[in-house]
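What follows is a short report on a single structure.
In the numbering used here, the protein residues as written are 6 to 279.
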């Protein structure tokens, strides 16, 4: 655990001292802030709610949920270049590797979300800013990342090359779409509402809306309630299940890795470049 924590901090520091990665940390939040700027004074239908205020927690939830895709992509790349094979040779190497990835990906996401949310609070009106709301936002984000990032690691262990990652992005976007991130889940058919509420993405989005939106907007939620206790319970269950299952899946995947397989994948990659 200690080695994984140090590994994660090293990777996080490297991502903020590397030019292309530094640009990616700022580019997406800036684009989202531009969108919020143009939405800040628009009303959401006849509800009287400002569209910018409704969009901010949705954008935060979507970005946090996309951490699963980022985790999957990084794991697949590390498998392709032999990083996982080297981690496999260390005692408890898979656990240390997983902890390091959760720390680095979660840390990068938290910085990205901070870049978005701090200016966003000044851009849009109708956001709740009490101390209790900030506390809710923090625990929802941290617990939500612990619930979703191990899922990304499990999905990443399925793919052998970075080129195959496109197969995961469309299903993940579909999952996010039915999770109530972009619009109230109550607008969906009942059977899709049940599927959406089984995912950690829905509960993370619900928690963020409860932290940032005024109390009267709860009328569009299931049961007209923020369900904070249920949010903590569901995200906690997903976090425990993911953190227990991911190292097992990674160890089984690593057993199939060898130096010859890494060399073979590297040779194929060089042939594609050539």
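Yeah, the Cβ is synthetic: ideal placement off N, Cα and C, and Gly gets one too.
Can you name the start and end residues of the alpha helix (DSSP H) that residue i belongs to?
| i | result |
| --- | --- |
| residue 68 | 56–70 |
| residue 30 | 24–44 |
| residue 212 | 205–217 |
| residue 254 | 233–260 |
| residue 16 | 7–20 |
| residue 200 | 195–202 |
| residue 89 | 88–93 |
Classify residue i as helix, strand or coil using the three-state DSSP reduction.
| i | result |
| --- | --- |
| residue 130 | coil |
Just checking my contact of residue i with residue j at CB under 8 Å: how many whole Å lie between their CB atoms?
| i | j | result |
| --- | --- | --- |
| residue 87 | residue 95 | The pair is not a contact, with the Cβ atoms about 14 Å apart (cut-off 8 Å). |
| residue 109 | residue 221 | At roughly 39 Å, the Cβ-Cβ gap does not stay under 8 Å, so residue 109 and residue 221 are not in contact. |
| residue 204 | residue 225 | With a Cβ gap of about 19 Å, residue 204 and residue 225 do not count as contacting. |
| residue 33 | residue 117 | 7 Å |
| residue 241 | residue 148 | 6 Å |
| residue 61 | residue 41 | 6 Å |
| residue 119 | residue 212 | The Cβ separation is near 17 Å, so there is no contact. |
| residue 150 | residue 114 | 7 Å |
Rank the options by C-alpha distance to the C-alpha of residue i and give the top, closest one.
| i | options | result |
| --- | --- | --- |
| residue 47 | 260, 56, 193 | 56 |
| residue 143 | 29, 69, 43 | 69 |
| residue 146 | 31, 207, 254, 28 | 207 |
| residue 209 | 200, 233, 45 | 233 |
| residue 37 | 63, 104, 260, 80 | 63 |
| residue 227 | 120, 202, 103, 75 | 202 |
| residue 187 | 153, 130, 23, 214 | 214 |
Three or more C-beta pairs below 8 Å linking the region 240–255 and the region 154–162: yes
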